[in-house]
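Just so you know, the sequence shown maps onto residues 370 to 521 in the working numbering.
Glycine included, each C-beta is placed from N, C-alpha and C at the ideal position.
This report concerns only the one structure given below.
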Amino acid sequence: RELDRVGGLFKAPDLLELFRSPKFDADTRKRVLADLLLRVMVSPVCRNFLFLLVDRSRIALLPEIVEAYHGLADAHSGRVRARVTVARTLSEPDVARLRTVLQRSTGREVIVEQEEDPAIIGGMITRIGDRTHDGSIRSQLARLRSELKAAR
370 RELDRVGGLF
380 KAPDLLELFR
390 SPKFDADTRK
400 RVLADLLLRV
410 MVSPVCRNFL
420 FLLVDRSRIA
430 LLPEIVEAYH
440 GLADAHSGRV
450 RARVTVARTL
460 SEPDVARLRT
470 VLQRSTGREV
480 IVEQEEDPAI
490 IGGMITRIGD
500 RTHDGSIRSQ
510 LARLRSELKA
520 AR
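Rendered as structure tokens:
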């Protein structure tokens, strides 16, 4: 959870740019990180890990590190993550129903992560591991368009 909180901060483009830019030295990055950690309570182990990433010029990779950690923890616990792209955020009852369906199909505990993308118009795109199911209105319209062009 600590890594999630800190990793969430690094999703801000400006902050990520500061840690990626060669304009700022390690001391500046450490000062910025120390200020951030005052706002987000983390254990000494997590704090030391983050400063080690700064020392090794790897702190900009924190979002990827957090994702890899989740993958390992999920595999160890027998869980899978379903990344669901929807036009509008699903309600909790809808997420619960979706989780139940996905758990039945995978045979494992499923953690549903939603991503909003109005461009898909409706429906959803579900990704679990390397499998993707695209049930979006956008893709259905694209298929229909190509079928109509082929019929000409």
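Under 8 Å by Cβ, that's how I've got residue 497 and residue 449 pegged, so tell me the actual separation to the nearest angstrom.
Contact flag correct, Cβ pair sits at about 6 Å.
Any chance the region 444 to 459 sits against the region 475 to 485, with 3 or more Cβ pairs inside 8 Å?
Yes, since at least three Cβ pairs between the region 444 to 459 and the region 475 to 485 fall closer than 8 Å, the two stretches touch.
Enumerate, from N- to C-terminal direction, the unbroken beta strand (DSSP E) stretches of 3 or more residues contained entirely within the region 425 to 496.
Segments of the beta strand (DSSP E) lying fully in the region 425 to 496: 448 to 455, 478 to 485.
Inspect the CB distances between the region 409 to 422 and the region 457 to 473 and report whether three or more fall short of 8 Å.
Touching, no.
From 403, 491, 378, 476, pick the residue whose C-alpha is nearest to that of residue 435; which is it?
For residue 435, the nearest C-alpha among the options comes from 378.
Would you identify the three-state DSSP class for residue 503, choosing helix, strand or coil?
Correct three-state label for residue 503: strand.
For residue 398, is the classification buried or exposed, using 16 other Cβ atoms within 10 angstroms of its Cβ as the cut-off for buried?
Answer is buried; the Cβ neighbour count reaches 16.
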